[in-house]
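**Student:**
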Amino acid sequence: MKILSTLFIFCCALGYTQSLQNQSLQLELAVTPGGAPHIHRAVSLQDGQVIFEHRSPYFFMDDWGPQELIASAKKTAWEMGSDHLFERAHFSVDLENGLRRAHVVELAKQGTLFRIYVTLENAGADSIRVDWYPVWKTTWDIPGGQWMKSWDALTYKPFQNRLNVDAQTVLGSRVHSSDRLPDGHVPYWIIGGERQWLNFSLEWCGGWRAELAKNDFGVEWSVWLPQEETQLFLGPGEMVTGPVITIVPTSEKSEMAHRAEWVRQRTELARKRFGGPKHEYMLVWNHWYSIEFDVNRTYLLNQLPLLHNFGFEAFVIDAGWYTQVGDWRVDAEKFQSPAQLKTLLNTLKAKDMYAGLWSCPQFGRPDQTGASEIFEEPKFYRPFLSGARLYDLYGMNFEQFLVDHVKLLVNEYGANWWKYDQDFFARHSKHGLLKNVEEFQRGLVAVRNQFQDLYIENCQSGGRAE
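Residue numbers for the sequence shown follow our numbering, beginning at 112 and rising by one.
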C-alpha cells in the first residue's frame with residue numbers, strides 16, 4: 112500500500128509537467144499534489160544525461176513557508192513566456208489574505224544557467240506582515256553528487272564537506288556580518304562529484320540562510336530569509352522580490368574548467384543584462400592608506416609623475432575631497448573649485464588611467480535637507496562620517512537619488528570610477544531590511560544602466576550582490 116501511494120504521488124506530479132528548454136538544457140516543471148510549483152528534472156540536451164531529478168515522495172513546497180503564504184486554492188499549471196534573455200515559467204497563486212505569491216524559473220537563452228525566485232504582492236486592502244521569506248526547498252537526486260563546497264567571507268577560505276545522511280551544512284550571513292570574521296559565508300556554493308557540478312550563487316545584498324543535507328532520495332537543500340533579515344510588512348499595492356538563486360550545471364574534466372565555465376556563463380548573462388566595462392583586476396592607487404582625510408590638490412599633483420613607474424591603472428581619490436558627508440560639493444580649501452578637481456581627473460584619464468571618487472551617498476544630515484522624515488528611525492549614525500545619518504532608502508526613492516548622485520560625480524567632476532562605502536542598512540528600520548535591500552539593488556542597476564562605462568567598486572559594508 113505504501114508503494115502504491117508513492118507511485119500515485121509521482122503520477123499526479125508528472126501529469127502536470129511542462130518544460131523550459133534551450134539548446135543545452137531542458138527543465139521539466141511540475142505541480143505537486145498539494146498544488147505547489149516544482150522542478151521535477153533537468154536533462155542535458157548535449158548528451159541526454161539527467162543532471163538532477165526529484166525522486167522523493169515528499170514535496171516540501173506543499174507546506175514550506177510562513178503561515179501567511181500557505182495557499183488554500185490549488186493551481187495546476189505554470190504560465191510560460193520568454194524575452195530576449197530568458198525562457199520563463201511563472202506560477203502565481205492568490206492567497207485568501209489578499210497576497211499574491213509567484214514562483215519564477217528563468218532559463219537563459221544559451222547555456223545551462225537558470226534562476227529561481229519568489230515575488231510577493233499585496234493585492235488586498237490591508238497591510239500584511241510576512242514572518243519570513245521562502246525562496247526554494249527541494250530534494251534532488253544528483254548523479255555523482257558526493258560533496259558540497261563553500262567559502263568563508265573576507266578570507267575566502269574554502270571548506271568542503273562530504274554529503275552524508277543526516278549531516279547538515281548551514282550557510283548564511285547577516286546584514287554586514289560578512290565584514291567581521293568569522294560571521295558569514297560568501298553566497299556561492301557547489302554540489303559536486305567526479306564529473307558534474309551544480310554551481311549555486313545568490314543574487315542578494317542582505318542577510319540569508321541556506322541548509323544542505325543528504326537523505327535517502329538525494330540532496331535536500333533550502334534557501335530563505337530568516338525573520339530578522341526580512342522584517343516585512345506589505346502595504347496595499349506593494350510588491351517585493353526576494354533573493355534570486357542562480358544555478359549553473361557544469362560537466363567538465365577539471366576543477367579549473369568547472370569554475371571557468373561557471374564564471375563564464377554568469378559573466379555573459381551579466382553583460383547582456385547590465386552592460387558595463389570589461390571585468391578587469393587593476394592596480395589601483397589610493398591615498399587613504401597613507402594620509403586618510405588629509406588629501407588635497409597639491410598632494411595629488413605631486414603623485415602624478417610617479418604613477419606609471421609603478422604600473423598603476425586607476426587613481427582613486429578616497430574620503431576627504433568633499434565639503435562633508437551629505438554635501439558632495441568640492442572642498443574649496445583643498446581644491447579651490449569643481450573645475451580644478453575635474454581638471455585633475457581629466458589629466459589622469461589623459462594618462463590612460465581611470466579616475467575615481469569615493470562617496471557614501473546613503474548618508475546625509477537633516478540640517479542640510481530640512482526633511483528629517485527621510486532618515487532612518489531609530490536614528491543610525493556613524494562617528495567616522497562626522498555624525499551623518501542613514502537615509503530611509505525605501506521611503507525616499509533611493510533609486511533615483513543614487514542615479515542623481517553618480518551623475519554629479521561623472522558629469523560635473525569627471526569621474527569614470529566610483530567607489531562606494533559604509534553601511535547601507537540599519538539593523539532595524541522604518542520599512543524593514545528586505546525592502547531596503549531591494550531598493551539598494553534597484554539603485555545599483557539603475558546606475559549601471561545610466562553609466563555603461565563606469566567602473567564601480569564597493570568597499571567595507573557596501574553591496575555584496577552576485
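Backbone N, C-alpha and C define an ideal beta-carbon position, used for all residues, glycine too. Since the structure is predicted, the reported quantities are computational estimates derived from the model, not experimental observations.
(1) What does the Cβ neighbour count give for Tyr400, buried or exposed, with the cut at 16 atoms within 10 Å?
(2) Could you spell out the range, first to last residue, of the alpha helix (DSSP H) harbouring Asn413?
(3) Leu196 and Ala213: beta carbons closer than 8 angstroms?
(4) Would Trp243 and Gln160 qualify as a contact pair, given that the criterion is a beta-carbon distance under 8 angstroms?
(5) Between Val406 and Trp528, is the Cβ-Cβ spacing less than 8 angstroms?
(6) Give the DSSP-derived three-state secondary structure of Phe328 in the structure shown.
(7) Just to confirm, are Val215 and Tyr228 a CB contact at a threshold of 8 angstroms?
(8) Between the Cα of Lys364 and the Cα atoms of Gly304, Ala499, Asn547, which residue gives the shortest distance?
(9) So what's Thr187 in DSSP terms, helix, strand or just coil?
(10) In three-state DSSP terms, what is Asp158?
(11) Pick helix, strand or coil for Tyr524, following the three-state DSSP scheme.
(12) Where does Ser312 land, buried or exposed, given buried means 16+ other C-beta within 10 angstroms?
(13) In terms of residue numbering, what span does the beta strand (DSSP E) encompassing Leu468 cover?
(14) Locate the beta strand (DSSP E) running through Ser401, then write down its first and last residues.
(15) To the nearest angstrom, how far is the alpha carbon of Glu207 from that of Asp237?
(16) Considering only residues of the same chain and omitting the five flanking positions on each side of Trp315, which have a CB-CB separation below 6 angstroms?
(17) Can you check DSSP and say which residues form a bridge with Pro245?
(18) From Ser284 to Ala450, what does the alpha carbon distance come to, in whole angstroms?
(19) Can you grab the Cα-Cα spacing for the pair Phe491 / Leu343, in whole Å?
(20) How would you write the range of the alpha helix (DSSP H) that Gln511 sits in, first residue to last?
(21) Are the CB atoms of Gly525 and Leu412 nearer to each other than 8 angstroms?
(22) In or out: Asn464 buried (at least 16 other Cβ within 10 Å) or exposed?
(23) For Phe171 and Gly145, what's the separation of their Cα atoms in angstroms?
(24) So Trp258 and Leu282 are in contact, right, with Cβ under 8 angstroms, and what is the actual spacing, rounded?
(25) Quick one: Cα of His398 to Cα of Asp173, how far?
(26) With the cut-off set at 8 angstroms, would you say Val548 and Gly317 are in Cβ contact?
(27) Let me know if Gly348 comes out buried or exposed under the rule of 16 or more other beta-carbons within 10 Å of its beta-carbon.
(28) Using the C-alpha atoms, what's the distance from Asn310 back to Tyr299?
(29) Measuring only the C-alpha atoms, how far is His539 from Val286?
(30) What did DSSP end up calling Ile114 once you bin it into helix, strand or coil?
(31) If I follow the unbroken alpha helix (DSSP H) through Thr352, where does it start and stop?
(32) Within 8 angstroms, do at least three Cβ pairs link the region 529–537 to the region 469–488?
(33) State the CB to CB distance for the pair Gln279 and Ala324, rounded to an integer number of angstroms; the pair is presumed to be in contact (CB under 8 angstroms).
**Tutor:** On the basis of the data shown:
(1) As a position in the sequence shown, residue 400 is number 289, starting the count at 1. So Tyr400 counts as exposed.
(2) By 1-based counting over the sequence shown, the position of residue 413 is 302. Looking at the DSSP string, the run of the alpha helix (DSSP H) that includes Asn413 is 408–414.
(3) Here residue 196 is taken as the residue at index 85 of the sequence shown, counted from 1. Here residue 213 is taken as the residue at index 102 of the sequence shown, counted from 1. Contact flag unset, no.
(4) The sequence position of residue 243 within the sequence shown is 132, counting from 1. The sequence position of residue 160 within the sequence shown is 49, counting from 1. Taking 8 angstroms as the Cβ cut-off, Trp243 and Gln160 do not qualify as a contacting pair.
(5) Residue numbering aside, residue 406 sits at position 295 when the sequence shown is read from its first letter. Residue numbering aside, residue 528 sits at position 417 when the sequence shown is read from its first letter. Going by C-beta atoms, Val406 is not nearer than 8 angstroms to Trp528.
(6) For the purposes of this step, residue 328 is taken as residue 217 along the sequence shown, with counting starting at 1. Three-state DSSP puts Phe328 in coil, outside helix and strand.
(7) Walking along the sequence shown from the start, residue 215 turns up at place 104. Walking along the sequence shown from the start, residue 228 turns up at place 117. Yes, they are a contact pair.
(8) For the purposes of this step, residue 364 is taken as residue 253 along the sequence shown, with counting starting at 1. The shortest C-alpha separation from Lys364 is found at Gly304.
(9) By 1-based counting over the sequence shown, the position of residue 187 is 76. Of the three classes helix, strand and coil, the one that applies to Thr187 here is coil, per DSSP.
(10) Against the sequence shown, residue 158 aligns to sequence position 47. DSSP places Asp158 in coil when its eight states are reduced to three.
(11) Taking the sequence shown and counting its residues from 1, the one referred to as residue 524 is at position 413. If DSSP states are grouped into helix, strand and coil, Tyr524 belongs with coil.
(12) Residue 312 sits at position 201 when you count from the first residue of the sequence shown. Burial call: buried.
(13) Position 357 of the sequence shown, counted from the first residue, corresponds to residue 468. Leu468 -> beta strand (DSSP E) spans 465–470.
(14) Position 290 of the sequence shown, counting from 1, holds the residue named residue 401. Where Ser401 is concerned, there is no enclosing beta strand (DSSP E), although the alpha helix (DSSP H) it sits in stretches over 399–402.
(15) In the sequence shown, counting from the first residue as 1, residue 207 sits at position 96. In the sequence shown, counting from the first residue as 1, residue 237 sits at position 126. Roughly 12 angstroms separates the two Cα atoms.
(16) Translated into positions along the sequence shown, residue 315 becomes position 204. Result list for Trp315: Pro354, in chain order.
(17) In the sequence shown, the residue the question calls residue 245 occupies position 134. The partner list for Pro245 (beta bridge, DSSP) reads Trp335.
(18) Taking the first residue of the sequence shown as position 1, residue 284 is located at position 173. Taking the first residue of the sequence shown as position 1, residue 450 is located at position 339. Using only the alpha carbons, I get a separation of about 43 angstroms.
(19) Along the sequence shown, read from residue 1 onward, the residue named residue 491 stands at position 380. Along the sequence shown, read from residue 1 onward, the residue named residue 343 stands at position 232. If you take the alpha carbons of Phe491 and Leu343, they lie about 20 angstroms apart.
(20) Residue mapping note: residue 511 aligns to position 400 of the sequence shown, counting from 1. Per DSSP, the continuous alpha helix (DSSP H) segment holding Gln511 begins and ends at 509–518.
(21) Working through the sequence shown from its first residue, we reach residue 525 at position 414. Working through the sequence shown from its first residue, we reach residue 412 at position 301. In this structure, Leu412 does not lie closer than 8 angstroms to Gly525 by Cβ.
(22) In the sequence shown, residue 464 corresponds to position 353, counting from 1. As written in the sequence, residue 464 is Met, which differs from the Asn given in the question. Counting of Cβ neighbours within 10 angstroms places Met464 among the buried residues, the total reaching 16 or more.
(23) Working through the sequence shown from its first residue, we reach residue 171 at position 60. Working through the sequence shown from its first residue, we reach residue 145 at position 34. Answer to the nearest angstrom: the Cα atoms are 10 angstroms apart.
(24) Along the sequence shown, read from residue 1 onward, the residue named residue 258 stands at position 147. Along the sequence shown, read from residue 1 onward, the residue named residue 282 stands at position 171. That pair is no contact at about 14 angstroms.
(25) Here residue 398 is taken as the residue at index 287 of the sequence shown, counted from 1. Here residue 173 is taken as the residue at index 62 of the sequence shown, counted from 1. Spanning the two alpha carbons is a distance of roughly 56 angstroms.
(26) Here residue 548 refers to the residue found at position 437 when the sequence shown is read from its first residue. Here residue 317 refers to the residue found at position 206 when the sequence shown is read from its first residue. Yes.
(27) The residue labelled residue 348 in the question sits at position 237 within the sequence shown. Per the 10 Å Cβ criterion, exposed.
(28) Residue 299 sits at position 188 when you count from the first residue of the sequence shown. Residue 310 sits at position 199 when you count from the first residue of the sequence shown. Approximately 8 angstroms, taken between the alpha carbons.
(29) Working through the sequence shown from its first residue, we reach residue 539 at position 428. Working through the sequence shown from its first residue, we reach residue 286 at position 175. So the alpha carbons of these two residues sit roughly 11 angstroms apart.
(30) Taking the first residue of the sequence shown as position 1, residue 114 is located at position 3. The predicted position of Ile114 is uncertain, since its pLDDT is 36 and thus under 50; no value can be drawn from it.
(31) Taking the first residue of the sequence shown as 1, we reach residue 352 at position 241. Where Thr352 is concerned, there is no enclosing alpha helix (DSSP H), although the beta strand (DSSP E) it sits in stretches over 350–352.
(32) yes
(33) Residue numbering aside, residue 279 sits at position 168 when the sequence shown is read from its first letter. Residue numbering aside, residue 324 sits at position 213 when the sequence shown is read from its first letter. That pair is a contact at about 4 angstroms.
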